[in-house]
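Under this note's numbering, the final residue of the sequence shown carries the number 1142; numbering is consecutive throughout.
In this text, a Cβ means the ideal position worked out from N, Cα and C, and glycines have one as well.
Presented below is the structure to which this report refers.
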Amino acid sequence: PLSPCSHFYDNPIQFVGQSAFQYLPKLHTLSLNGATDIREFPDLKGTTSLEVLTLTRAGIHFLPRRMCQQLPSLRVLELSHNQIEELPSFHRCRQLEELGLQHNKIHEIRADTFVQLMALRSMQVFWNYIQFIHPEAFVTLHSLTKLDLTDNQLVTLPLDGLAGLTHLKLQGNPALSEPFTKESFPKMRVLEVPYAYQCCAYGSCSSFFRVSSQWKAEDVSPEEENPHKRTLELFPGHTDNHYDLDADDLQLDLEESKLHPTIQCTPSPGPFKPCDHLFESWIIRLGVWVIVLVSVLCNGLVILAVFASPSYLSPVKFLVGSIAGANMLTGISCSMLALVDIFTYGHFARYGARWEMGAGCRVTGFLSVLASQAAIFLLTLAAVQCSLSASCVRGYGKTPSLAKVKAAACCCLLLSSVAAILPLFSIGEYGASPLCLPYPIPEGKPTTLGFTVALVMTNMLCFLTITGTYIRLYCNLLKGEFSAVWDCAMVKHVAWLIFTNCLLYCPVAFLTFSSTLNLFLITPEVIKSVFLVVLPLPACLNPLLYLLFNPHFRDDFRLLKQKGQDKGSLPQSCRADDMEKSSYDSTQALVNFSDIDHMCDTPDSLGVRPILDSYSFPSMTLIPCQQ
């Protein structure tokens, strides 16, 4: 005959007959672990005194409806690591206190599943596929204090009947973004939620005590019996599962819970998971708005001056206009963050989770990465084009055609689009923070780190290529080869772009490599400021350099202004003549530029410089190089 406590774990038992444990009225504890060939729940008819039943790592697919009728004294039921898909009603298990159904295939919890379980104190149903819980599923669970629903597919959580909870775990349910209030869980001590924003209602939390120990510890009042005696009585011989509690740890947790009555809520809010404002500083808020306005307006002026002017569109000028278009996209992405900050001002926690998981955040991140990568690739192309143009003029007497430069610019845009699309396919992540950037953040997920490092390494390679190309170009200029460069204004402008963009990208690269080496030596507030202000800063400095210091803008703006005045003042009959003259001017400029290409390779001794001086350029200004 079996003893009152029978344990069959750590034995090579693979199968037990369905009626093997029938009519054992004195059996109190039955533990069977790893019998993978068991497909049906055993028939326990006549085993009415059973209090602890453990059947783990088997192949049970369903539970019989008469289970609780056969086990009226059951207090602990552990059925983890099985294949259970549907739960019966446990309403006849009136004495059930502990229920473990983790690592199964449960899809829903019905209204009658746990009805009338007045004594149930702990329930673990994590690692299942639960999508729906009936609103009245927990109404009668007045003694329930610990509930673990980690890693399911919940969308909502019914709160009726959960007011007595002290421990609640909900992590791993990405669709569960609803906020909770203190009134929902007045006795809560340990709360684990999917998003940090759901902890905002409980204030700032500290982790001075062990959450896992508090989850395992029982809520024993001073009037109850000795903890060690109660543990041995309820869970005799259990040395390999989560019900095994050490009496000293239990007593220590009870003392610590008295010393730290505040709620332990994880993950904790912070600068990258704010509760009230997306931009927590007015300096950052004003800085972002300045970047938005300057980048959109100034880049719009650059695009208008470059592509709408009747002057000649050189390849490097086309690239400068394309960089302005990429920079304008950066301003648009920043404006989306600024608008979110305005519309959620003072209560960002209500919308933070939905913003991170929504399409708006993905669009913002996509535009940000597309714009930044396109600007860097186009700047690299501009530097290479300036160097190749000088080489081609010296060797062949002409520069690369505009069509070839446009094709190369399209390739740059294609590469940028690929880099921006990858996080949408789980290679990187846009929703790691409300800033929607695929850059690492403190206490963030390490899955985005590989994509970010690859992105930063690619950009660093581009900047090294740019630097080497321009060093070679300037070395040739120092040798006196000025005739190979027909427009030094654009060469100098690209040099300023290289200097400012390289300088401003250094903090971003430093933060990325610091995250790789776990060397976050600066505060999260500073990191957030770098991402919000320093990272998009080139988008407003680049157009300002062109508008303030490049003479081409003044000439193009004068031509546009003159063109507008001519259209407004001349009668309709004269406009055809004007258009013909403008076409003639542009054609003349093209002929002049073609002549320059051939003459730049001619020695000065042949009298080229006086001929150059005698040429007139009605549609563009030529800025010669001087030593």
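- The criterion of a C-beta distance shorter than 8 Å is not satisfied by L893 and S941.
- Looking at the backbone, the Cα of R572 and that of L882 are separated by about 48 Å.
- Excluding its 5 nearest sequence neighbours in each direction, F647 has C-beta neighbours in its own chain below 7 Å: E623, listed in chain order.
- Between V1048 and I891, the C-beta gap is not smaller than 8 Å, which leaves the two residues out of contact.
- Between A626 and E651, the beta carbon gap of about 5 Å places them in contact (Cβ cut-off 8 Å).
- Here L1060 is not bridged, per DSSP, to any residue.
- DSSP links N688 through a beta bridge to no other residue.
- Distance between L602 and N974, taken at the CA atoms: about 55 Å.
- Annotation for S850: the continuous alpha helix (DSSP H) segment containing it runs P830 to F858.
- Each residue's CA atom was taken as its position, placing H606 and R580 some 10 Å apart.
- Bridge partners of M638 according to DSSP: L614 and L662.
- In terms of Cβ geometry, S595 and G615 form a close pair [threshold 8 Å].
- Here F1068 has A820, Y1061 and L1062 as same chain residues with Cβ atoms under 7 Å from its own Cβ, once five neighbours each way along the sequence are excluded.
- L808 and A922 have their C-alpha atoms some 31 Å from each other.
- Secondary structure at N548: strand, using DSSP grouped into helix, strand and coil.
- By the neighbour-count definition (other C-beta atoms within 10 Å, threshold 16), I936 is an exposed residue.
- Sorting P694, Q686, H649 and D666 by C-alpha distance to the C-alpha of G676 places H649 at the top.
- In the DSSP secondary-structure assignment, G785 is bridged to K788.
- Inter-residue distance for T696 and V705 is about 14 Å (C-alpha atoms, whole angstroms).
- In the DSSP assignment, V591 falls within the unbroken beta strand (DSSP E) covering V591 to E593.
- In the DSSP assignment, E1040 falls within the unbroken alpha helix (DSSP H) covering P1039 to S1044.
- Bridge pairing for T696: absent [DSSP].
- In the DSSP annotation of this structure, V1049 is not part of any beta strand (DSSP E), being labelled neither H nor E.
- C901 and V971 do not touch by the CB rule: their CB atoms are close to 25 Å apart, not below 8 Å.
- Separation of W870 and K832 (C-alpha to C-alpha, rounded to the nearest whole angstrom) is 39 Å.
- Taking a cut-off of 8 Å for Cβ pairs, the stretch 1048-1059 and the stretch 837-850 touch, as three or more such pairs fall below it.
- Contact annotation: V1045 and L1026 have beta-carbon atoms nearer than 8 Å.
- Around the beta carbon of V1041, fewer than 16 other beta carbons sit within 10 angstroms, so the residue counts as exposed.
- The Cβ-Cβ distance between P709 and P689 falls below 8 Å.
- In its chain, beyond the 5 residues on either side, A1004 and H1008 have a beta carbon closer than 7 Å to the beta carbon of N1065.
- Where E871 is concerned, there is no enclosing beta strand (DSSP E), although the alpha helix (DSSP H) around it starts and stops at G867 to M872.
- Residues of the same chain with a CB within less than 6 Å of the CB of K661, apart from the 5 flanking positions on each side, are S637 and H682 in chain order.
- When DSSP states are grouped into helix, strand and coil, F647 belongs to the strand group.
- By the criterion of a C-beta distance shorter than 7 Å, S699 is surrounded in its chain by L674, once the five residues flanking it on both sides are discounted.
- Straight through space, the alpha carbons of I621 and P557 are spaced by roughly 20 Å.
- Cβ-Cβ separation between G875 and M851: approximately 7 Å, consistent with a contact (criterion under 8 Å).
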